[in-house]
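2 protein chains.
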Amino acid sequence: MLADDPRTRLIETALDLFGQYSFDGVSTRMLAERAEVNLAAIKYYFGSKEGLYLAVAEQIVQHVGQFLGPRMAKVQESLDGDELTKEESFNLLCELLEFFITRLLALPETGKWLKIIFREQLCPTQAFDILFDGFMRPLDQVLFGLVARIVGRNEDDLEVRLRVFSIMGQIQVFNVSPSSIKRTLNWDQYNPDNLEAIRCVIMDNLNGIFSMSRNGVCSAQTR
Amino acid sequence: MLADDPRTRLIETALDLFGQYSFDGVSTRMLAERAEVNLAAIKYYFGSKEGLYLAVAEQIVQHVGQFLGPRMAKVQESLDGDELTKEESFNLLCELLEFFITRLLALPETGKWLKIIFREQLCPTQAFDILFDGFMRPLDQVLFGLVARIVGRNEDDLEVRLRVFSIMGQIQVFNVSPSSIKRTLNWDQYNPDNLEAIRCVIMDNLNGIFSMSRNGVCSAQTR
DNA sequence: GTCTATAGTCGGATAGAC
DNA sequence: GTCTATCCGACTATAGAC
């Protein structure tokens with residue numbers, strides 16, 4: 063479970079603990095104990111508790127990069143190649159969002175990141191810059207590009223950007239409000255059946271949202 | 063600015079501070095100083111720091127109740143009266159969501175609640191029960207009722223509920239990811255122009271999402 | 001590089017005067 | 001009810017041995 067070198071052990075433990083509790087909710091003693099390193103190792107490797115937290119942010123960027131990198135690169139390539147039709151853009155967008163739903167929501171590891179990310183959204187620290195530049199901005203750029211082609215507008219058009227945010231909100235809500243959703247639906251956790259139901263609804267919404275922009279063609283499977 | 067009695071002063075100060083920082087990020091000394099009460103008053107009135115935090119949750123429920131109560135009651139009345147058409151239900155839903163956008167996002171005070179609420183979603187404590195029973199469940203019930211009528215299904219239908227969550231997610235994202243949205247759009251804060259743009263996009267999405275369910279009639283103004 | 005030991009600070013809670 | 005004074009545990013950071 064725990065990595066060999068103390069540095070990695072500390073980062074991985076910190077990812078868990080800072081995610082579960084917040085920065086202030088975790089003590090350096092707790093971190094050292096769980097990571098099975100000496101308390102002084104935090105100062106040695108990271109300078110301070112804050113330094114460790116920033117290292118965790120960079121770790122998140124790396125993880126997300128491994129996770130999304132290949133997919134984003136593929137889409138970016140299609141965008142650069144130009145001459146994507148509305149239909150092709152729509153299908154690429156659907157694939158990307160399906161990936162978020164079936165993977166991001168499913169993996170328990172991603173829950174760790176996501177809590178840290180959303181806390182940084184609510185109360186940004188220095189770590190937010192790392193996260194934003196590391197993967198938020200690039201991801202948004204790809205989504206802007208796809209939606210811009212679907213609706214036939216420019217990538218920096220306000221409507222395009224708001225459309226992207228609102229669409230991502232439909233998925234994020236399942237990460238951000240898990241407690242009330244799970245309580246209301248009597249779900250203890252997300253499983254393949256749950257995720258399939260969520261996927262269907264989101265895909266159906268997407269079809270509706272862009273039905274005017276495309277030519278009435280509904281290619282995404284909604285059930 | 064500060065209320066007369068120490069009890070109220072403490073609750074209002076705590077609402078601010080627990081919202082801005084988290085529970086762990088705020089000390090009792092900070093609370094007492096800002097509320098201009100003695101440190102011992104926290105124990106006297108609330109028993110402990112946790113007790114004060116729970117009192118804050120109840121305060122949030124009260125505030126939200128004053129805010130949403132009349133509107134929810136009106137809609138609930140329509141639902142109970144029965145024989146709402148799809149079109150009427152859709153219009154009631156639009157009105158409710160427009161209210162969330164133009165009011166909830168606009169008021170700086172609501173930002174205080176919202177941070178506490180979302181932190182409780184991510185890491186529920188005893189306070190979550192208060193919030194959930196206090197207004198989340200009732201609000202969801204109303205939304206389930208409206209959407210159920212729009213799509214012609216039962217209120218406890220899974221698809222209906224997921225549809226409601228996904229729709230609310232479109233709005234919540236502007237509360238939950240304010241940092242990246244504001245940074246991307248170069249917005250320093252939400253103002254009437256911003257909110258109008260958001261409202262248009264959400265209403266347009268809503269029209270699309272429910273375009274199959276209703277009879278092709280688009281009554282909501284999207285611009 | 002890794003550890004122990006501890007300095008120095010700040011946390012929540014509370015006893016007891018008024 | 002309000003306040004001062006204080007307890008005592010927990011915190012981060014760090015000095016210095018090995």
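Just so you know, the protein sequences line up as chains Z and F, in that order. Add 62 to the 1-based position in the first sequence for this note's numbering, that's all there is to it. Add 62 to the 1-based position in the second sequence for this note's numbering, that's all there is to it. Backbone N, C-alpha and C fix where the C-beta goes; we use that ideal spot for every residue, glycine too.
Between the CA atoms of residue j and residue i - distance to the nearest angstrom
i, j, result
"phenylalanine 108/F", "histidine 125/F", "19 Å"
"valine 279/Z", "valine 204/Z", "Low confidence applies to valine 279/Z: its pLDDT is 42, below 50, so where it sits in the model is not reliable, and the reading given next is rough at best. Taking the straight line joining both Cα atoms gives about 23 Å."
"lysine 111/F", "threonine 90/Z", "23 Å"
"tyrosine 252/F", "isoleucine 233/F", "13 Å"
"lysine 177/Z", "aspartate 191/Z", "16 Å"
"glycine 270/F", "leucine 93/Z", "49 Å"
"leucine 158/Z", "threonine 70/F", "49 Å"
"threonine 172/Z", "glycine 214/F", "36 Å"
"isoleucine 122/F", "threonine 75/F", "13 Å"
"glycine 113/Z", "alanine 65/Z", "20 Å"
"asparagine 237/Z", "tyrosine 106/Z", "35 Å"
"tryptophan 249/F", "alanine 102/F", "42 Å"
"serine 286/Z", "valine 235/F", "In the structure displayed, chain Z extends from 63 to 285; residue 286/Z sits before or after that span and is not available."
"proline 254/F", "lysine 174/F", "20 Å"
Endpoints, alpha helix (DSSP H) assigned at residue i
i, result
"glycine 127/Z", "111-143"
"valine 99/Z", "Neither: valine 99/Z is in no alpha helix (DSSP H) and is coded neither H nor E."
"serine 241/F", "240-247"
"aspartate 255/Z", "254-271"
"glutamate 217/Z", "Counting along the chain, glutamate 217/Z falls outside any alpha helix (DSSP H), and DSSP gives it neither H nor E."
"threonine 75/F", "68-82"
"threonine 172/Z", "170-184"
"leucine 159/F", "148-161"
"phenylalanine 190/F", "188-193"
Beta carbon proximity, residue i to chain F, threshold 8 Å
i, result
"leucine 130/Z", "no"
"proline 200/Z", "no"
"methionine 230/Z", "yes"
"threonine 172/Z", "no"
"glutamine 234/Z", "yes"
"asparagine 267/Z", "yes"
"arginine 225/Z", "yes"
"lysine 105/Z", "no"
"glutamate 221/Z", "yes"
"glutamate 146/Z", "One point to set straight first is that residue 146/Z is leucine, not glutamate, in the sequence displayed. So, not an interface residue."
"arginine 71/Z", "no"
"phenylalanine 190/Z", "yes"
"valine 209/Z", "no"
"alanine 76/Z", "no"
"leucine 247/Z", "yes"
"isoleucine 271/Z", "yes"
"valine 204/Z", "no"
"lysine 111/Z", "no"
Test: residue i CB closer than 8 Å to a CB of chain Z
i, result
"alanine 102/F", "no"
"leucine 184/F", "yes"
"glutamate 160/F", "no"
"threonine 164/F", "no"
"valine 263/F", "yes"
"serine 151/F", "no"
"arginine 37/F", "Residue 37/F is absent from the model: chain F starts at 63 and stops at 285."
"leucine 93/F", "no"
"arginine 36/F", "As shown, chain F starts at 63 and ends at 285. That puts residue 36/F outside it, with no answer to give."
"serine 241/F", "yes"
"aspartate 250/F", "no"
"glycine 127/F", "no"
"valine 25/F", "The requested residue 25/F is not part of the displayed model; chain F covers only 63 to 285."
"aspartate 66/F", "no"
Contacting residues, own chain, Cβ-Cβ under 8 Å from residue i (five flanking each side not counted)
i, result
"asparagine 38/F", "In the structure displayed, chain F extends from 63 to 285; residue 38/F sits before or after that span and is not available."
"leucine 154/F", "Val137, Ser140, Leu146 and Leu208"
"leucine 201/F", "Leu130 and Met134"
Cβ neighbours of residue i in the same chain (closer than 7 Å, five flanking residues each side left out)
i, result
"asparagine 100/Z", "Ala94"
"aspartate 144/F", "none"
"valine 226/F", "Asp202, Leu205, Phe206 and Val209"
"phenylalanine 85/F", "Tyr115"
"phenylalanine 161/Z", "Arg133"
"isoleucine 264/F", "Leu159, Ile163, Gln232 and Ile233"
"aspartate 48/Z", "Beyond the ends of chain Z as shown, which are 63 and 285, falls residue 48/Z; an answer cannot be given."
Residues near residue i by beta carbon distance below 6 Å, same chain, minus five either side
i, result
"leucine 166/F", "Thr172"
"proline 68/F", "Val99 and Ala103"
"leucine 169/F", "none"
Would you call the segment 71-90 of chain Z and the segment 113-130 of chain Z touching, i.e. three or more CB-CB distances under 8 Å? yes
Just checking, does the segment 178-196 of chain F make contact with the segment 241-251 of chain F on the three C-beta pairs under 8 Å criterion? no
Spell out a yes or no on whether the segment 123-143 of chain F and the segment 194-201 of chain F are touching, meaning 3 or more CB-CB pairs, one atom from each, closer than 8 Å. yes
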